[in-house]
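*Asks:* Residue numbers (our numbering), protein chains in the order written: chain A, 1 to 347; chain B, 348 to 497; chain C, 498 to 776; chain D, 777 to 1114.
Note that beta-carbon positions come from the ideal geometry of N, C-alpha and C, so glycine has one too.
Since the structure is predicted, the reported quantities are computational estimates derived from the model, not experimental observations.
Here it is: the structure, laid out below.
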Amino acid sequence: MKNEIGKLYIELNEEFNFYAPIKDQGNLKFRKVLNPDDIVLDYYNTKIPPKEILFPEMEVLFEYKTDGKNVTEIIERKDLEYKNIIFGIRPCDAHSFTLLEYFFSYGDVKDEIFLKKRKNTLIMGIACNSPKSTCFCTSIEGHPFMKSDMDILLVDLGEKYLVEGISDKGKKLMARLKWLTDAKQQDVKIAEALSKKAEESFETKLDLKDIDKILDPNFEHPIWEEISDICIGCGTCSFLCPTCTCFDVLDQNNQYNNKGRRIRIWDTCQFSLYTLHTSGHNPRKSCIERCRNRILHKFCYYPENYDMLGCVGCGRCIQLCPVNNDLRSIIERINKIKSKKEEKVSA
Amino acid sequence: MVTQTKQNKNLEETWEPKILAFLCNWCSYAGADLAGVSRIQYPPSIRVVRVPCSGRVSPYFIIKGIMDGWDGVIVSGCHPGDCHYLTGNLVARRRFAILKELLEFFGIEPGRVNFMWASAAEGERFANLIKKATRIVKKLGPNTKFSKKW
Amino acid sequence: MPNPYIPKLTTVKDIISENKVNDIKTLELEFMKEEDYNRFEYIPGQFAEISLIGKGECPIGIASSPTEEGTVKFTIKKMGTVTSGFHNCEIGDTVGIRGPFGNGWPIEDMKGKNILVIGGGFAFSTLRSLVVYLLNEKHRRNYKKITVIYGNRDSGEVLYEDVLEEWKKRNDIDVVLTIDREEKGWKEKVGFVAPVVKEIGPSPGNTVAVVCGPPIMIKTTIAVLEELNFKDEQILNSLEMRMKCGIGKCGRCNIGNKYVCIDGPVFSLAELKKLPSEY
Amino acid sequence: MSIETENKKIEEEMREVARNLLREKKVNVVIGYTKGTVPLSSTPIIITSENNVDKLIWNNLCYVNLAKYLVPRIPQLIDPEKGDLKVGIVSKGCVGRALVHLSVENQINLKNVKMIGIPCNGIINRKRIEKEIGEKEILELFTSDQDIVVKGKDFEAKYSYDEYINELCKVCKVKSPPKIVDFKDSCLGECQEVKSVDDNFTDVVEFESKATQDKWSYIKEALQSCTRCYACREACPMCYCNLCFVDQNKPIWFEKTTEISDILSFHLIRAMHLAGRCVACGACSSVCPVGIDLNLITRKLEKIVKERFDFISGIDSNKMPPMMDYNMNDREEFMLEE
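Written as structure tokens, this is what we have:
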């Protein structure tokens, strides 16, 4: 099927927005495919996380018309009903969509903009045959061949793909693709072997089992100063994190045609402006608090609120941090708090 | 097709640029006044913002102006040595030099941003320079590159 | 479900300048559509995201009580871009509103108890909402003794003078006003809120203390209340945080795993003590 | 001498100076580089004990400008009882320049700073190598003789060292920190006397000669992928403002959206703010997660300041930077004349 990606694209492009990894300015990103030849599938992972398909860096919440001073009409977005296919996504990033879904539907008021788009999205992922050295999805109960977050999972067998429909949505779509051939037992076995091999090849193993229980009582611990001492306070780790969701809201006016729009743009807890009150008070005024918030949000608040870690183990923050403030070593240092305490108790 | 180009040509001829002008209170603003009182004709393209000194004009004002869709920006102050605050225009001149070079480097037509000196007694010079600046900006056409559009 | 970011439109019906410095104004808003108003069911202590479309949006506590039908009131201090915009509003302007958000004062749990309302300065708006609600003839019999202690920097800063006058005339509520420094013509108490609370010495038995004000006032008042043997569960607090969305999505108002906009803004002192002190 | 032996030598000398400084209690902390956990990186480290000195390393991936850690963070660490915090800082040329310039701007007191000067032999252009390797994983990178060797699971690539170092390093003339007249003992280890720097700016001139439209499309293309993480700003030793102009919201000058005009205005104004201040360390380009190359803009700034005001930042602690100064006789050929 490998050379039939184009065929797949042509068949689905009319009905769906077809997203796949594409090289843009030297960086691999998920973009709407215009030419199936652009699709890059021989890759580890994209630099920009695929969350930007459903939660773009800049997104219009609504538009409005004014009479020069006052609003006369509010125009809702109508493009949320489009159907999307995300093709070639890795299992860790697919898992991030599950987390985002949890997050955006938390509370009484749900984020309908995201959820509507999510509902109309079909995830067609490719299993990870060879994880990167910075990947640690097995440590967060994920797996390079994890199916649960996908609609269809492809396994790269070298010459061909093994395609498996997982959700009803995915199975339905597969039934439409008449040119797929039935898989041989032998191919399924190869896939299983590949899965095992991939799982064994992980270099990074982190102990994240009770991390929320260690973090919760250690809100005020000297370790946070130590962790944040080299942090320069940029937003790389959170902008490129597949599960980070914070945003800022602002209004834009077009004074020429009396139109305007309210947009949301990615924001990050790493900036001091993020929590600055109008009065000048800032609850998280230094890098220490901001670094702590990021770690706690992912490894303590997420488990407390959704019973899941807020990290998918993609390793983007490890690879792209400008000062190489490695998340793996941060977690190791946090785990040490616990073992130190235990030592004390036993002594 | 022919009619369209004709129309475009017409548009080009009738199009008048809108230029944001920051005039220093002590010299150029008075100069503009003098030009008006002396009934010297110059194109009605500028919209004036009076500032205490050309040194008050931050690069933010200029870039924000271009971003907001003005076709050009003019900053006018006292001649070097004549500043009401002694050195305000000298400080401003350094800033403008860098801004102008950087704009050019970024590929934004440098003609959109113009700096000039005009004293309170130079009504004629003021009018002439505005004419010249308007001509330059008009030649460049509407500002579409940098202005926000959606 | 509809897009939660779309505000309902209202018109400004009345604008009242609340203090002498003229930096606090109360805006009375009337919904353009009847159905929007009917859907806007709130309790005292909740807030709404009100927006001047084109300028931005900000979370403001609702100052009116649900018992005052027809309009919704917001008391706004001139601080930043959006609030300055509100101060420049004229009657008849359009204002967007989303909400109500937050948990509000626990009016159900307060039933059958004495209520001690302690407010300082401009934070009195949601307390006004609460007291007006409690004093409503339908609700008054559900609650026991009501005491209001309201402190200000000077007499020019006292908000809602008309309702305060009304309350003073009634015999089912005690109103104590105080200002920081003595002033000519001021007949009420003088001194900070905390010592005044101490002086009055409310008894903690079957009482809920509602405290709202600037951080330093909260800190000193809570110390006094604890001295008077109030338990942590009996002291209620309304927190402030920078907010954008009001629905727990934009992320910035979290304290620990709680979001002030959905789990708050009202927390009891007992709850607050469990949360990290990052507010 | 091969690059590795050079590095080894630098490393040893650096450790020796740092050890002595800590042992003699001349400094409280030493800021330096240590080995990174991913192949194309190094990480800053703050050392307080003599025992940890061996963690300090020098290789050609030490791209962070350590002067960043002095402003504004370190002044906050000053213990009022113990007096000022004394800092030793591993200084390649551009770190030294940054320190000198920061002291000119009264942000740090050089009295409290000891530079551990090293003769920098260039920083590898990691973004360029990453781009050329593409979607393969780099597991190891080392220098061998005059080459940079990049190794992965099933590939090995060699790049010429002279070609694949930062563009700014190629033209750098201040390899080790400049000697400071007022604080003679502030620089230990290697330092050099810099009087003036000759530069013909051929790279900038080439770009300048392009047509306006070409420049615009080049800049637009280059900056388009900016994610607004502001790593360039945060890594820059000169960007120490408490409130950056993009963060100002009373009034909002520039919106932080992803529109090209907003992105461009950020980079344009930031460049404006760095005129006469940029020390050409290239940290901004090295840290950019999406690989935007800001070197060209940096070079242009250097050129403007050199040609117009005959100034080079961070060389002379007694010379006033151009944007803090004025001169009646500046060139004004750009002014509109009748």
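Is there at least one Cβ from chain D nearer than 8 Å to A/ASP229's Cβ?
*Replies:* Chain D, which has a Cβ nearer than 8 Å to the Cβ of A/ASP229, makes this yes.
*Asks:* By DSSP's criteria, C/ASN611 is part of a beta bridge. Which residues make up the other side?
*Replies:* BP columns for C/ASN611 point to C/THR704.
*Asks:* If D/ASP1069 and D/SER1061 are in contact, beta carbons under 8 Å, what's the gap, nearest whole angstrom?
*Replies:* Contact flag correct, Cβ pair sits at about 5 Å.
*Asks:* Within a Cβ cutoff of 6 Å, which residues of the same chain sit near A/ILE59, ignoring the five residues on either side of it in sequence?
*Replies:* Sequence inspection shows Glu at residue 59 of chain A; the Ile mentioned does not correspond to that position. Counting only Cβ-Cβ distances below 6 Å, and skipping sequence neighbours, we find ARG264.
*Asks:* Alpha carbon to alpha carbon, how far is D/VAL947 from C/GLU554?
*Replies:* C-alpha separation (whole angstroms): 50 Å.
*Asks:* Given that a residue counts as buried once 16 or more other Cβ atoms are within 10 Å of its Cβ, and exposed if not, what is D/GLN852?
*Replies:* Confidence at D/GLN852 is low in this model, with a pLDDT of 49, below 50, so the placement of that residue is unreliable and no value is reported for it.
*Asks:* Is the beta carbon of A/GLY26 less than 8 Å from the beta carbon of D/TYR1006?
*Replies:* No, the pair does not count as a contact, with Cβ atoms beyond the cut-off.
*Asks:* Any idea what DSSP makes of D/GLY1058, helix, strand or coil?
*Replies:* Three-state result, D/GLY1058: coil.
*Asks:* Taking C/PRO711 as the reference, which of C/LYS522, C/GLY648 and C/ARG678 has the closest Cα?
*Replies:* It is C/GLY648.
*Asks:* Alpha carbon to alpha carbon, what distance is there between C/ALA720 and C/PRO773?
*Replies:* Distance between the alpha carbons of C/PRO773 and C/ALA720 is about 19 Å.
*Asks:* Do you know offhand how far A/ALA20's Cα is from C/ILE594's?
*Replies:* Going by the C-alpha atoms only, they are around 39 Å apart.
*Asks:* Is any beta-carbon of chain B found at less than 8 Å from that of D/GLN1000?
*Replies:* No - not a single Cβ of chain B is within 8 Å of the one on D/GLN1000.
*Asks:* Name the chain A residues whose beta carbon is nearer than 9 Å to that of C/GLY761?
*Replies:* Here the premise fails: no neighbours, minimum Cβ distance about 12 Å.
*Asks:* List the residues of chain A that D/LEU915 touches, going by C-beta distances under 8 Å, in chain order.
*Replies:* SER133, listed in chain order.
*Asks:* Would D/ALA1059 pass as a contact of D/VAL840 if the rule is Cβ separation under 8 Å?
*Replies:* Taking 8 Å as the Cβ cut-off, D/ALA1059 and D/VAL840 qualify as a contacting pair.
*Asks:* Who are A/ILE22's beta bridge partners in DSSP?
*Replies:* Beta-bridge pairing links A/ILE22 to A/LYS29 and A/ILE39.
*Asks:* For B/ARG441, which residues in chain D fall below 7 Å Cβ to Cβ?
*Replies:* Within chain D, the residues near B/ARG441 are PRO1098, MET1099, TYR1102 and ASP1106.
*Asks:* Any beta carbon from chain B within less than 8 Å of D/ARG1046's own beta carbon?
*Replies:* Output row for D/ARG1046: interface = no.
*Asks:* Look up C/VAL509 in the DSSP assignment and say whether it is helix, strand or coil.
*Replies:* If DSSP states are grouped into helix, strand and coil, C/VAL509 belongs with the strands.
*Asks:* Just mark D/PRO820 as buried or exposed, buried being the case when its beta carbon has 16 or more other beta carbons within 10 Å.
*Replies:* When all chains shown are included, D/PRO820 counts as buried.
*Asks:* Considering only the beta carbon of each residue, do C/GLU525 and C/LYS570 sit closer than 8 Å?
*Replies:* Contact flag set, yes.
*Asks:* Would you kindly work out how many angstroms separate the C-alpha atoms of C/CYS747 and D/GLU997, rounded to a whole number?
*Replies:* Cα to Cα, the separation comes out at about 30 Å.
*Asks:* Identify each residue in the segment 964-998 of chain D for which the Cβ-Cβ distance to at least one residue of chain B is less than 9 Å, and report them in chain order.
*Replies:* Answer set for the segment 964-998 of chain D: VAL980, PHE983, GLU984, LYS986, ALA987, THR988, GLN989, ASP990, LYS991, TRP992, SER993, TYR994, ILE995 and LYS996.
*Asks:* Kindly confirm or deny that the segment 438-456 of chain B and the segment 470-482 of chain B touch, where touching means at least three C-beta pairs closer than 8 Å.
*Replies:* Taking 8 Å as the limit for Cβ pairs, the verdict is that the segment 470-482 of chain B does not touch the segment 438-456 of chain B.
*Asks:* Taking the Cβ atom as the reference point for each residue, do D/ALA933 and D/ILE909 lie within a distance shorter than 8 Å?
*Replies:* The answer is yes: Cβ separation under 8 Å.
*Asks:* Per DSSP, which residues does A/TRP266 bridge with? Please list them.
*Replies:* Answer is A/PHE247, bridged to A/TRP266.
*Asks:* What do you get for D/LYS802, buried or exposed, if any count of 16 or more other CB atoms within 10 angstroms of its CB means buried?
*Replies:* Exposed.
*Asks:* Rounded to whole angstroms, what is the Cα-Cα separation between A/PHE62 and D/THR1034?
*Replies:* Approximately 17 Å between the Cα atoms of the pair.
*Asks:* If we require 4 or more residues per run, which alpha helix (DSSP H) segments fall completely within the segment 670-748 of chain C?
*Replies:* For the segment 670-748 of chain C, whole alpha helix (DSSP H) runs of length 4 or above, ordered along the chain, are 690-697 and 712-724.
*Asks:* Give a yes or no on whether the minimum CB-CB distance between D/GLY812 and chain A is below 8 Å.
*Replies:* Cβ-Cβ to chain A under 8 Å: yes for D/GLY812.
*Asks:* In angstroms with no decimal places, state the Cα-to-Cα distance between B/HIS431 and B/PRO391.
*Replies:* For B/HIS431 and B/PRO391, the distance between alpha carbons rounds to 28 Å.
*Asks:* Within 10 Å of its beta-carbon, does A/GLN270 have 16 or more other beta-carbons around it, so buried, or fewer, so exposed?
*Replies:* Buried, because 16 or more other Cβ atoms sit within 10 Å of the Cβ of A/GLN270.
*Asks:* Assign D/ALA933 to one of three DSSP states: helix, strand, or coil.
*Replies:* Looking at D/ALA933 - three-state DSSP - the assignment turns out to be strand.
*Asks:* Pull the bridge partners of A/VAL163 from the DSSP assignment, please.
*Replies:* A/VAL163 is bridged to A/LEU154.
*Asks:* Helix, strand or coil, according to DSSP, for D/ARG1053 in the structure here?
*Replies:* It is coil, neither helix nor strand.
*Asks:* If distances are taken between C-alpha atoms only, which option among C/HIS636, C/VAL579 and C/VAL592 comes closest to C/ILE503?
*Replies:* Of the candidates C/HIS636, C/VAL579 and C/VAL592, the one whose C-alpha sits nearest the C-alpha of C/ILE503 is C/VAL592.
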